[in-house]
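Note that the sequence shown covers residues 362 to 470 in our numbering. Think of the CB as a built atom: it goes at the ideal place given N, C-alpha and C, for glycine as much as any other residue. Please read all numbers here as calculations on a predicted model, not as lab measurements.
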Amino acid sequence: MTVAQPPREVFIQGVTLDGRTFRPSDWAERLAGAMSSFRPGGARMGIGAHIGYSPYCVPTVINGVKCVIVNEELRRLEPMAWDFVMNFARDNNLQVADACLLPDGKPGA
């Protein structure tokens, strides 16, 4: 019996390979916004369809550094979208880390 592994996450960090902060300051929101239509069940249509980020590409701040967390499930769903975000990171010399974002634990839980 094979245990299914959860999709991994890739953290695109707003720091270049030479340690500089990446600009513009809203780069993470722009990148995630461009990927907002890639969602479970496909793109949403109608009023408000543009509001919110895809769960596969989410902007966040980790330890004071802007990041975009890209779920590997995006690669299966839409390989061209995955290539777009990975090429964005490469073309802009951004640091990329494979990781898994852990949920916040509550004491005693």
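- When the beta-carbon positions are compared, phenylalanine 383 and leucine 455 come within less than 8 Å of each other.
- Here glutamate 434 carries a helix assignment [DSSP, helix/strand/coil].
- Taking cysteine 428 as the centre and dropping the five residues before and after it, the same chain places the C-beta of Phe372, Ile373, Gln374, Gly375, Ala389, Pro420, Thr421, Val422 closer than 8 Å to its C-beta, in chain order.
- Taking C-beta separations shorter than 8 Å and ignoring five residues to either side along the sequence, the partners of leucine 435 in its chain run Met396, Phe399, Ser415, Tyr417, Cys418, Ala442, Trp443, Val446, following chain order.
- Between the beta-carbon of arginine 369 and that of aspartate 459 there is about 6 Å, and that keeps the pair under the 8 Å contact cut.
- The straight-line gap separating the alpha-carbon atoms of leucine 378 and glutamate 433 is approximately 22 Å.
- Linking valine 457 to arginine 451 through their CA atoms gives a straight-line distance of about 9 Å.
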